[in-house]
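Notes for the one structure printed next.
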Amino acid sequence: MHRYDIHFDQLPIERNPEQIWLYWQDEPGGVQNQTNSYHFNWTISYRFNAEVNIGAYGLTILRHKPLSFKDFNAYINQQFNNRKSNALWFVSNCKPKARLNYYDELHLYYPSIKVYGHCVLQNKTNHCHRHSHCESSELSKHKFYLAFESQSCRDYITEKFWRSLAYGTIPIVFGPHDKKSLEKIAPPNSFIYTGDFISASKLAEHLNEIGRNRTLFREYHQWRRFYQVLYRPEDIEHYRFCELCYRLNTNQNRIYYQDLNTFFLEEC
Numbered sequence: 000m001h002r003y004d005i006h007f008d009q010l011p012i013e014r015n016p017e018q019i020w021l022y023w024q025d026e027p028g029g030v031q032n033q034t035n036s037y038h039f040n041w042t043i044s045y046r047f048n049a050e051v052n053i054g055a056y057g058l059t060i061l062r063h064k065p066l067s068f069k070d071f072n073a074y075i076n077q078q079f080n081n082r083k084s085n086a087l088w089f090v091s092n093c094k095p096k097a098r099l100n101y102y103d104e105l106h107l108y109y110p111s112i113k114v115y116g117h118c119v120l121q122n123k124t125n126h127c128h129r130h131s132h133c134e135s136s137e138l139s140k141h142k143f144y145l146a147f148e149s150q151s152c153r154d155y156i157t158e159k160f161w162r163s164l165a166y167g168t169i170p171i172v173f174g175p176h177d178k179k180s181l182e183k184i185a186p187p188n189s190f191i192y193t194g195d196f197i198s199a200s201k202l203a204e205h206l207n208e209i210g211r212n213r214t215l216f217r218e219y220h221q222w223r224r225f226y227q228v229l230y231r232p233e234d235i236e237h238y239r240f241c242e243l244c245y246r247l248n249t250n251q252n253r254i255y256y257q258d259l260n261t262f263f264l265e266e267c
């Protein structure tokens with residue numbers, strides 16, 4: 000059951016002991032108090048320790064055949080020459096202040112950031128809607144994208160990150176607070192983690208260097224020879240349900256969650 004589809008007054012008071020009840024939640028946050036009384040067995044979630052966790056927002060998969068050196072070099076030259084040496088950010092949720100504060104600091108040292116959204120610009124007509132031609136066009140013009148998550152929770156890596164990779168930008172990641180979460184699922188050396196820099200000014204220096212240095216730019220795209228990323232729901236959902244089917248067919252132990260709040264709010 001997905002968290003938004005649960006109507007507790009419609010759930011059976013008694014359940015078949017052979018059934019496995021799954022609680023599906025892909026966003027951080029607690030659960031309603033009565034949820035725990037139903038003793039859900041498994042979770043489907045972005046959390047890596049959920050029973051079903053593959054592809055909540057994106058996936059890294061191997062290419063059927065690596066790109067040739069010739070094709071890869073042509074790709075790098077085209078991308079380096081045609082993309083602007085600046086960053087892009089689409090931001091619509093203005094409540095999380097940590098990422099806005101970091102943006103303000105970074106912008107002091109790296110003013111080459113194009114922003115869409117009234118959280119930064121007071122002009123509310125400056126929109127570039129998700130899945131629009133504007134979005135894809137802008138993502139193809141810039142070398143970097145600010146993949147700043149709204150919440151800094153363990154394992155919470157949304158389509159912001161995966162979409163930026165798919166469109167050929169280098170994501171600059173603010174959150175989750177554990178870089179290892181990213182390294183487990185992201186292509187190798189594919190992103191820039193803000194926590195690796197002692198200050199926003201040092202990050203700005205690194206971005207400027209990448210913008211000038213074709214060799215360094217290439218290092219952040221080397222993974223594209225061997226891997227590709229998926230992020231659209233129609234491309235990743237069947238991977239999730241394949242994992243679910245595998246778990247159901249290999250299930251040996253009967254477990255249940257005593258406190259889903261503790262599970263979802265841990266390190267968040």
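Residues 0 to 267, numbered by numbering that gives the first Met the number 0, are exactly what the sequence shown covers, in order. For each residue, glycine too, the CB sits at the ideal point set by N, CA and C.
Check                                                                                         : Outcome
Rounded distance between the beta-carbons of R246 and E50, thought under 8 Å                  : 6 Å
Among K178, H6, E158, nearest to Y230 - alpha-carbon criterion                                : E158
Any 3 or more C-beta pairs closer than 8 Å across the segment 217-226 and the segment 199-206 : no
Length-filtered (3 minimum) beta strand (DSSP E) runs lying within the segment 36-118         : 41-44, 58-61, 83-89, 112-115
Residues that DSSP places opposite A146 in a beta bridge                                      : V172
Bridge partner(s) assigned by DSSP for L229                                                   : L58
Length of the line joining the Cα atoms of P187 and G167                                      : 15 Å
I169 beta carbon less than 7 Å from that of F143                                              : yes
Exposure of R239, with buried meaning 16 or more beta-carbon neighbours within 10 Å           : buried
Burial state of F147 (16 or more Cβ within 10 Å)                                              : buried
Secondary structure of Q24, DSSP reduced to three states                                      : strand
8 Å contact criterion, which S111 and N81 should meet: CB distance rounded                    : Wrong, their Cβ atoms sit about 16 Å apart, outside the cutoff.
For R254, the three-state DSSP class (helix, strand or coil)                                  : A quick correction: the sequence has Ile, not Arg, at residue 254. Coil at I254, not helix or strand.
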